[in-house]
Amino acid sequence: MTPTWQVDLDPQQWEAVSCEDGPTIVLAGAGSGKTRVLTYRVAYLLEQGIPANQILALTFTNKAADTMRERLRALVGEAALDLTLGTFHSVFARWLRRELKGIPVSGDFSIYDEEDSLALLKALLKESGQEVKQAAALRRLISSWKNAGLEWQRVRPTTPEERRVVEYFRLYEQRLRAANALDFDDLLLQTEQLFLREPEVLTRYQTRYQYILVDEYQDTNPLQYRILRMLGARHRNLFVVGDDAQSIYGFRGADVRNFRYLERDFAPVRIIRLEQNYRSTPQILKVANALLEHSEETYPKQLFTRNPEGPPPFFYSACRDVREEALFVAQKIREEAARHHLSYKEFAVLYRTNAYSRAFEEVFRRSGIPYRLVGSISFYRREEVKHFTAFLRFLVNPHDDAALLRIA
Numbered sequence: 011m012t013p014t015w016q017v018d019l020d021p022q023q024w025e026a027v028s029c030e031d032g033p034t035i036v037l038a039g040a041g042s043g044k045t046r047v048l049t050y051r052v053a054y055l056l057e058q059g060i061p062a063n064q065i066l067a068l069t070f071t072n073k074a075a076d077t078m079r080e081r082l083r084a085l086v087g088e089a090a091l092d093l094t095l096g097t098f099h100s101v102f103a104r105w106l107r108r109e110l111k112g113i114p115v116s117g118d119f120s121i122y123d124e125e126d127s128l129a130l131l132k133a134l135l136k137e138s139g140q141e142v143k144q145a146a147a148l149r150r151l152i153s154s155w156k157n158a159g160l161e162w163q164r165v166r167p168t169t170p171e172e173r174r175v176v177e178y179f180r181l182y183e184q185r186l187r188a189a190n191a192l193d194f195d196d197l198l199l200q201t202e203q204l205f206l207r208e209p210e211v212l213t214r215y216q217t218r219y220q221y222i223l224v225d226e227y228q229d230t231n232p233l234q235y236r237i238l239r240m241l242g243a244r245h246r247n248l249f250v251v252g253d254d255a256q257s258i259y260g261f262r263g264a265d266v267r268n269f270r271y272l273e274r275d276f277a278p279v280r281i282i283r284l285e286q287n288y289r290s291t292p293q294i295l296k297v298a299n300a301l302l303e304h305s306e307e308t309y310p311k312q313l314f315t316r317n318p319e320g321p322p323p324f325f326y327s328a329c330r331d332v333r334e335e336a337l338f339v340a341q342k343i344r345e346e347a348a349r350h351h352l353s354y355k356e357f358a359v360l361y362r363t364n365a366y367s368r369a370f371e372e373v374f375r376r377s378g379i380p381y382r383l384v385g386s387i388s389f390y391r392r393e394e395v396k397h398f399t400a401f402l403r404f405l406v407n408p409h410d411d412a413a414l415l416r417i418a
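Numbering (this note's numbering), first residue to last: 11 to 418.
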């Protein structure tokens with residue numbers, strides 16, 4: 011039976027949503043409805059009689075998971091209640107708390123975020139008389155090792171400096187375990203290690219989840235892919251949605267080659283392209299397609315839209331540094347505001363890294379351009395929220411030294 015909501019989808023989207031079983035890559039260009047397709051695919055499976063507890067849907071942000079959950083409730087009601095839906099880290103954390111055999115912590119373990127990890131590494135450096143400013147680089151290196159599947163015992167240092175770093179890795183892990191804690195990278199690494207050490211646990215999850223769906227697949231790292239490969243080996247119903255051209259998290263270990271690895275390990279793989287953009291004007295897509303022709307993306311796409319024409323959107327200036335760029339942007343904002351009688355509220359500035367914000371703020375203040383900085387500190391990183399959650403963490407896990415230090 012065809013669902014009544016098929017009319018909500020374009021032909022390419024419906025092809026993806028209603029495809030037959032088997033490994034599938036949905037190459038979803040910018041603005042083509044990635045999360046929408048993933049959500050409707052889950053709804054379609056439920057409409058076909060697949061039990062919700064046999065479906066695993068993984069996202070990269072809590073917001074994406076919440077959006078999917080709300081949309082599914084609107085589409086299929088209570089049928090989605092038993093669905094396993096969440097971020098890689100939240101889902102794996104639940105599994106680790108359930109499967110205590112083979113992991114180095116107890117079920118009430120704390121989860122150290124980036125700030126907690128940095129605080130621990132700074133303490134270790136301070137204790138050994140080293141500069142605490144090395145902590146950030148040390149954390150990135152330890153994170154890269156963990157995401158490569160390496161515990162400290164398996165790192166093979168070749169120089170005295172590398173041996174010193176591995177020793178900090180060992181001490182860091184020792185303190186984590188003493189605090190009955192895992193960091194974010196451990197949630198992935200310990201899940202892989204659990205499956206490798208306890209084959210019967212892996213078999214149980216392989217058997218349960220007949221359908222595995224992944225959002226923003228271009229952001230997966232090698233460790234996440236290895237776990238997906240293990241989970242999907244039995245039923246081979248991996249359905250991943252992503253766009254190699256939108257892979258921007260290489261600095262976090264994301265590896266766009268995971269598309270090719272999936273094709274290799276699960277051959278033959280169905281590939282469906284979503285190329286209709288619902289977000290942009292034709293002028294923007296023309297420039298985007300021209301730029302992508304020169305990119306190294308593995309899967310070429312030709313984005314198109316049926317949206318009406320818009321005003322010419324592009325100014326370009328080759329600037330020597332970020333301050334010159336900020337001056338150029340401020341000038342253009344003033345010119346456009348005056349020419350079209352626009353309010354400053356109708357302008358937005360996106361920059362590549364947070365380090366750029368200072369130059370723009372200085373120039374805007376001197377230029378008399380009012381602004382509001384968005385997302386400078388997320389809710390969960392505010393001091394008062396960190397203190398409150400630290401208090402709750404310590405109540406649950408009295409061994410959590412990082413939580414104790416924050417509230418002491």
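Cβ atoms here follow ideal geometry from the backbone N, Cα and C, with glycine treated the same way.
Within its chain, find whatever has a CB closer than 8 angstroms to the CB of residue i; leave out the 5 residues flanking it on each side and keep chain order.
i, result
"L295", "N287, L313, F314, T315"
"R270", "T308"
"R187", "P114, V115"
"G159", "L199, E202, P232, L233, R236"
"L383", "S367, E371"
"F357", "I343, E346, A347"
"D92", "P61, A62, N63"
Suppose the cutoff is 7 angstroms on Cβ atoms and the five residues either side in sequence are ignored; what does the same chain contact list for residue i look like?
i, result
"W105", "T201"
"Q144", "L135"
"A340", "V373, F374, S377, I379"
"T49", "M78, R81, L82"
"R173", "P167"
In angstroms, rounded to a whole number, what distance separates the CA positions of residue i and residue j?
i, j, result
"A400", "R416", "7 angstroms"
"T168", "S257", "32 angstroms"
"N407", "H99", "19 angstroms"
"Q58", "G117", "36 angstroms"
"S388", "D123", "In this prediction, S388 has a pLDDT of 49, which is less than 50 and means its spatial position is unreliable; what the coordinates show is noted afterwards. Taking the straight line joining both Cα atoms gives about 13 angstroms."
"L95", "R207", "25 angstroms"
"L198", "L85", "31 angstroms"
"T217", "P61", "13 angstroms"
"H351", "Y381", "18 angstroms"
"L293", "E177", "What sits at residue 293 in the sequence shown is Gln, not Leu. If you take the alpha carbons of Q293 and E177, they lie about 55 angstroms apart."
"D31", "A413", "46 angstroms"
"L56", "R403", "37 angstroms"
"D193", "Q234", "15 angstroms"
"Y361", "P13", "42 angstroms"
"W24", "L212", "33 angstroms"
"F102", "I282", "28 angstroms"
"S28", "A38", "16 angstroms"
"A243", "P278", "14 angstroms"
"A328", "L272", "39 angstroms"
"M240", "P33", "14 angstroms"
Skipping 5 residues on each side, what residues in its chain have a beta carbon closer than 6 angstroms to that of residue i?
i, result
"V142", "K132, L135, K136"
"D411", "A189"
"E183", "W162"
"A26", "V36, V47, I282"
"L302", "A255"
Could you please give the first and the last residue of the uninterrupted beta strand (DSSP E) stretch that includes residue i?
i, result
"F249", "248-252"
"Y122", "120-122"
"Y326", "No beta strand (DSSP E) holds Y326; DSSP gives it neither H nor E."
"A40", "Looking at the DSSP string, A40 is not in any beta strand (DSSP E), and its letter there is neither H nor E."
"I281", "280-284"
"Y235", "Run containing Y235: none in the beta strand (DSSP E); it sits in the alpha helix (DSSP H), 232-241."
"I258", "Where I258 is concerned, there is no enclosing beta strand (DSSP E), given that its DSSP letter is neither H nor E."
"I470", "Since the first and last residues shown for the chain are 11 and 418, residue 470 lies out of range."
"Y221", "221-224"
From the options, pick the residue whose C-alpha is nearest to that of residue i; which is it?
i, options, result
"K355", "K44, I379, D193, Y219", "I379"
"G41", "L337, R376, R207, G252", "G252"
"Y8", "L241, N190, V266, L204", "Limits of the chain in this structure are 11 at one end and 418 at the other, which puts residue 8 out of reach."
"Y377", "L181, K342, A264", "Reading off the sequence, residue 377 comes out as Ser, not Tyr. Checked all of L181, K342, A264; the closest Cα to S377 is K342."
"F119", "A129, E125, R107", "R107"
"S127", "L56, L151, L110, E303", "L151"
"E297", "Y326, P278, V101, L272", "Here residue 297 turns out to be Val, not Glu, going by the sequence shown. Closest by alpha carbon: Y326."
"E171", "L148, A75, S154, N157", "L148"
"T71", "P278, T230, S305", "T230"
"A74", "L91, G139, H409, G43", "G43"
"K156", "Q16, R180, E109, E303", "R180"
"N247", "L19, T45, V52, E88", "V52"
Tell me the residue span of the alpha helix (DSSP H) that contains residue i.
i, result
"D479", "The structure shown does not extend to residue 479, since the chain is modelled only from 11 to 418, so the question has no answer here."
"T49", "44-57"
"L337", "332-350"
"A75", "72-86"
"I152", "145-157"
"V101", "98-108"
"D275", "268-275"
With a threshold of 8 angstroms, are at least 3 pairs of Cβ atoms found where one atom belongs to the region 56-70 and the other to the region 222-240?
yes
Are at least three pairs of beta-carbons, each pair with one atom in the region 364-375 and one in the region 334-342, less than 8 angstroms apart?
yes
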